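To keep things clear, I will list the structure first and then write my remarks on it.
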Amino acid sequence: MVLVVCVRYFGGTELGVPGLRKAYESTAKGAIEQSSPGVVVYMSKIELYVTTMDIDRFLVKTKK
93 MVLVVCVRYF
103 GGTELGVPGL
113 RKAYESTAKG
123 AIEQSSPGVV
133 VYMSKIELYV
143 TTMDIDRFLV
153 KTKK
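Residue 93 is where the sequence shown starts when you use our numbering, and the numbers rise one by one after that.
Written out as structure tokens, the structure reads:
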């Protein structure tokens, strides 16, 4: 799986939808072509339910 994030700062040129798609596509393609494989990190999702009475204690413990 790959996540590519492209940020475009407006430079004064109106590209329109097709132009934006082409710009984002070419940017993503170039970044992928120039990249090298990185480290794969496997993660797990954990859901915690904390009562409003315990939230302060929870926040103190998790900031350590």
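Just so it is clear, CB atoms sit at the ideal spot from N, CA and C, and this is done for glycine as well.
For clarity, every value in this text was computed on a predicted model and none was experimentally measured.
Who are the Cβ neighbours of leucine 112 in its own chain at under 8 angstroms, not counting the five residues just before and after it?
-> Arg100
In whole angstroms, what is the alpha-carbon distance linking tyrosine 134 and valine 94?
-> 14 angstroms
If you draw a straight line from the alpha carbon of glutamate 117 to that of lysine 137, how long is it in whole angstroms?
-> 31 angstroms
Straight-line gap, aspartate 148 to glycine 130 (C-alpha atoms, nearest Å) | 38 angstroms
Proximity of leucine 107 and alanine 120 at Cβ, strictly below 8 angstroms = no
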